[in-house]
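Student: Reading the sequence shown from the start, the letters are residues 341 to 478 in my numbering. Idealized CB from N, CA, C, for every residue including glycine. Keep in mind the model is a prediction, meaning the values are calculated, not measured. Take a look at the following structure, please.
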Amino acid sequence: MNSFEKLMYKQSQLIKFMSRALANYKKLGQAKMTTAVTRNRIALLQGQFTTVVDLDAKLYSLADANKRDNHAYFKEDQFSACEDLYHESLDFMHGKIAENESSVLSSTQIENHAFAYIRHTDDSLEHVPYWIKGPRRP
341 MNSFEKLMYK QSQLIKFMSR ALANYKKLGQ AKMTTAVTRN RIALLQGQFT TVVDLDAKLY
401 SLADANKRDN HAYFKEDQFS ACEDLYHESL DFMHGKIAEN ESSVLSSTQI ENHAFAYIRH
461 TDDSLEHVPY WIKGPRRP
């Protein structure tokens, strides 16, 4: 096997990985799609895509005009297809992080609202003896 074939094999394996990345991430289920898990998947995806880009450049430099015109990798523009999958996966995962962060923000806002309501309620019960309403909250 020559160096072009070795690199082509490695590239095809990486492209398969990239093509399954989003489906595998979705298999986790909503409960496991935490911000930490998602960031880890994004980092892994970015590292793999960096390798795909490097291999694409090496493959292009090793291929003669005949290979560039006739080899399925170049003819079908598999690199661009992989790049599309990469961006689709990243967009979905970044969207999941945004969802997670907005739900954390929403729960914080609810807690703050509840605390403000409790303080307001405590103030309106000034006339009730403390043993009925409990100790005063800060």
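With 16 as the cutoff for other CB atoms within 10 Å, does residue 351 come out buried or exposed?
Tutor: Residue 351 sits at position 11 when you count from the first residue of the sequence shown. Counting Cβ neighbours within 10 Å, residue 351 comes out buried, since at least 16 surround it.
Student: Leaving out the 5 sequence neighbours to the left and right, which residues in its chain are closer than 8 Å to residue 440 when beta-carbon positions are compared?
Tutor: Residue numbering aside, residue 440 sits at position 100 when the sequence shown is read from its first letter. The residues are 373, 374, 375 and 378.
Student: So, helix, strand or coil for residue 411, using DSSP?
Tutor: What you label residue 411 is simply residue 71 of the sequence shown in a count that begins at 1. Of the three classes helix, strand and coil, the one that applies to residue 411 here is coil, per DSSP.
Student: What would DSSP say about residue 403, mapped onto helix, strand or coil?
Tutor: Here residue 403 refers to the residue found at position 63 when the sequence shown is read from its first residue. Three-state result, residue 403: coil.
Student: Any contact between the region 417 to 429 and the region 349 to 365? By contact I mean 3 or more CB pairs, one from each, below 8 Å.
Tutor: Yes, since at least three Cβ pairs between the region 417 to 429 and the region 349 to 365 fall closer than 8 Å, the two stretches touch.
Student: Please determine, among 361, 415 and 391, the residue with the shortest C-alpha to C-alpha distance to residue 380.
Tutor: If you number the sequence shown from 1, residue 380 lands on position 40. The residue with the shortest Cα to Cα distance from residue 380 is 361.
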